[in-house]
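Okay, so here's the structure we're looking at.
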Amino acid sequence: MSQISHYPAAPFGDWDGSPAAARAMQLTLAAQVRLQDDFPALRLIAGVDVGFEDGGTVTRAAAVLLDADTLELVGSSLARIPTNMPYVPGLLSFRELPAVLQALAELPAVPDLIFSDGHGIAHPRRLGIAAHLGVVTGLPTIGVAKKLLTGEHDELDLQRGARVALRDKKTGDVIGCVLRSKDKVRPLIISPGNRVSLATAPELVMRYVTRYRLPEPTRLADRLASRREEKAASRRLAALR
DNA sequence: GCGACAG
DNA sequence: ATCTTGTCGC
1 MSQISHYPAA PFGDWDGSPA AARAMQLTLA AQVRLQDDFP ALRLIAGVDV
51 GFEDGGTVTR AAAVLLDADT LELVGSSLAR IPTNMPYVPG LLSFRELPAV
101 LQALAELPAV PDLIFSDGHG IAHPRRLGIA AHLGVVTGLP TIGVAKKLLT
151 GEHDELDLQR GARVALRDKK TGDVIGCVLR SKDKVRPLII SPGNRVSLAT
201 APELVMRYVT RYRLPEPTRL ADRLASRREE KAASRRLAAL R
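Just so we're aligned, residue 1 is where the first sequence starts under full-length UniProt numbering, counting upward by one.
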């Protein structure tokens with residue numbers, strides 16, 4: 001049977017808006033995360049990230065769709081919606097997920113795997129934005145974070161490909177991996193979101209890392225979400241004046 | 001009580 | 001995340 005995946009407009013069910021209710025909801029959703037590898041042959045992969053405009057009043061999500069073999073850009077989309085919640089460590093998905101889902105819905109096709117900026121299960125309640133996204137869409141997801149949120153790990157070698165396990169400081173459970181995507185750059189924190197195993201997540205990330213610290217899906221989404229192009233261009237003109 | 005704290 | 005110039009190191 002084929003599983004119909006879609007992008008719910010209201011990924012929070014009957015949430016009353018309170019942080020306490022959000023945390024309780026995370027525990028319920030975290031129980032639905034699947035950590036076994038369960039994804040089809042990769043043909044189309046997506047990358048999603050969020051940026052803000054107008055001092056933070058507007059949330060801007062970007063989604064890019066790439067050919068999994070050639071990394072050719074197949075499509076992209078942008079969603080801009082009013083920001084409805086402040087940033088609260090541990091509750092990032094409640095602030096960014098609505099815009100992300102809207103951007104994904106506007107892509108020309110449903111991806112076989114989604115790379116999301118932020119953490120997967122490497123989260124206090126095991127439901128970072130990548131895991132939340134995976135549960136509400138039913139799609140395979142991987143969290144690619146640039147900073148640690150929770151957990152501890154040993155030092156890791158400085159060459160590209162080096163990695164060490166990230167474990168829960170309290171239980172010792174492995175919740176992700178600290179991965180050096182390029183020689184001597186700050187490592188990325190990789191954790192499964194849904195339908196991808198702890199062992200496979202870093203492998204897939206390295207598969208899509210080219211010459212930059214971030215894997216292509218996330219890197220391209222980041223450029224669109226944060227308008228790297230536009231800002232750089234306007235800066236050059238300002239300096240030329 | 002104190003420190004930590006994705007984007 | 002965002003505001004921002006030059007600068008040190010590979």
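Using N, Cα and C, we set each Cβ at its ideal position, and we do this for glycine too.
None of the values given here were measured: they were computed from a predicted structure.
### Task
Work out the CA separation of residue 149 and residue 179 for me, nearest whole Å.
15 Å
### Task
Less than 8 Å between the CB atoms is what I'm expecting for residue 115 and residue 218, so what's the real figure, rounded?
The beta carbons of residue 115 and residue 218 sit about 5 Å from each other, so the pair counts as a contact at 8 Å.
### Query
Under the rule that 16 or more other beta-carbon atoms within 10 Å means buried, what is residue 43, buried or exposed?
exposed
### Message
On the CB-based measure, 16 or more other CB atoms within 10 Å of its CB, does residue 28 come out buried or exposed?
### Response
exposed
### Query
Between residue 156 and residue 187, is the Cβ-Cβ spacing less than 9 Å?
yes
### Task
Starting from the C-beta of residue 53, find all residues in its chain whose C-beta is less than 6 Å away, skip the five residues before and the five after it, and write them out in chain order.
Counting only Cβ-Cβ distances below 6 Å, and skipping sequence neighbours, we find 60.
### Query
Where do the N-terminal and C-terminal ends of the alpha helix (DSSP H) with residue 223 fall, by residue?
216–225
### Task
Would you list the one or two residues that DSSP bridges to residue 77?
63
### Message
In the DSSP output, what is residue 163 paired with across the bridge?
### Response
179
### Message
Using C-beta distances below 6 Å, list every residue in its chain close to residue 77, excluding the 5 sequence neighbours before and after it, in chain order.
### Response
63, 103, 106 and 107
### Query
Taking the alpha carbon of residue 22 as the point to measure from, which residue in 85, 47 and 49 has its own alpha carbon closest?
85
### Query
Is the distance from the Cβ of residue 81 to the Cβ of residue 48 below 9 Å?
no
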